[in-house]
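> Got a structure for you, written out below as structure tokens; questions coming shortly.
Residue numbers (our numbering): 150 to 400.
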């Protein structure tokens, strides 16, 4: 392994991509649980060559971040370059009154999406939580929403009710649920779809911008087929944003 290693560290999943002078590798991803993170890193990188640099965007807690830092220090004698959110960076202006409170993964996704579109864009990261962020054509972050992801909504519903969620197939193009299970499956997914479509319609109606729509995240495949408006799916969106940030801030 040579070149720059970009890492997107979430609450239950680590994703990474390697860039060398010729190209970028495909995205790799692994699930992890607290207490076993170092084992996941061993499995992923134990036999890998040392990268020249490591760039990290993390929304995991300090304990997990410290484990990663210790692992790369011991294995490669490297210290990660940690991506930070600021009031303005990489052509974007942050819409938060306190930019440091914005998740760095959202910031990375917006940087990548705006650089790619060069226009207004709605960025939706579909994971354990769904985050939606709006950026206008000038690169101004207008703000956004956070709501539970599809699986999180289903999990909470099962905790609070006696619904038995045995697996059932949802047909392509199925509009209405025809069993309790398919009602839950479609209802949780369409709740996300409705928020996305309503948010875009409001921006259009206000004459602010006509944003494109980019989806990313592990649950994007559940949402994309139900969208009634054009959208693009970019699974490496956060990693691409880290790469752009590294180009601005690295040597």
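Don't be surprised by glycine CBs; every beta carbon is placed ideally from N, CA and C.
In this text, all values refer to a predicted model and were calculated from it rather than measured experimentally.
Between residue 281 and residue 378, which are expected to be in contact by the criterion C-beta below 8 Å, what is the C-beta distance as a whole number of angstroms?
The pair is not a contact, with the Cβ atoms about 14 Å apart (cut-off 8 Å).
> Below 9 Å between beta carbons: does that hold for residue 365 and residue 274?
Taking 9 Å as the Cβ cut-off, residue 365 and residue 274 qualify as a contacting pair.
> Consider the C-beta atom of residue 229 and the heavy atoms of the ligand MN; say whether any pair is separated by less than 8 Å.
No copy of the ligand MN appears in this structure; indeed no ligand is present at all.
> Quick one: give me the first and last residue of the beta strand (DSSP E) that residue 284 is part of.
First-last of the beta strand (DSSP E) with residue 284: 278 to 284.
> Can you give the beta carbon distance from residue 272 to residue 368, rounded, assuming they're within the 8 Å contact cut?
Not confirmed; about 15 Å, so no contact.
> Using the three-state DSSP reduction, which class does residue 239 fall into: helix, strand or coil?
Note: residue 239 maps to coil in three-state DSSP.
> Let me know if residue 157 comes out buried or exposed under the rule of 16 or more other beta-carbons within 10 Å of its beta-carbon.
Residue 157 should be labelled buried.
> Could you check the C-alpha separation between residue 394 and residue 188 for me, to the nearest Å?
Cα-Cα distance, rounded: 29 Å.
> Beta carbon of residue 167, beta carbon of residue 181: below 9 Å?
It is not a contact, given that the beta carbons lie outside the stated cut-off.
> Taking the alpha carbon of residue 265 as the point to measure from, which residue in 398, 399, 385 has its own alpha carbon closest?
Nearest of 398, 399, 385 to residue 265, Cα basis: 385.
> Kindly say whether residue 331, judged by its beta-carbon, lies nearer than 9 Å to any beta-carbon of chain D.
Judged by its chain identifiers, the structure shown contains no chain D, having just a single protein chain.
> Go ahead and label residue 205 buried or exposed: buried means 16 or more other beta carbons lie within 10 angstroms of its beta carbon, across all protein chains shown.
Per the 10 Å Cβ criterion, buried.
> Considering residue 192, what are the terminal residues of the alpha helix (DSSP H) in which it resides?
Counting along the chain, the alpha helix (DSSP H) containing residue 192 begins and ends at 186 to 194.
> By the three-class DSSP mapping on this structure, what secondary structure does residue 267 have?
It is coil, neither helix nor strand.
> On the three-state DSSP scale, how would you describe residue 333?
Looking at residue 333 - three-state DSSP - the assignment turns out to be helix.
> So residue 373 and residue 380 are in contact, right, with Cβ under 8 Å, and what is the actual spacing, rounded?
Between residue 380 and residue 373 the Cβ distance is about 6 Å, and since that is below 8 Å, they are a contact.
> Since residue 263 and residue 270 are thought to touch, with beta carbons under 8 Å apart, how far apart are those beta carbons, to the nearest angstrom?
Confirmed, about 6 Å.
> Run the CB neighbour count on residue 310, radius 10 Å, all protein chains shown included, and call it buried at 16 or more, exposed below.
When all chains shown are included, residue 310 counts as exposed.
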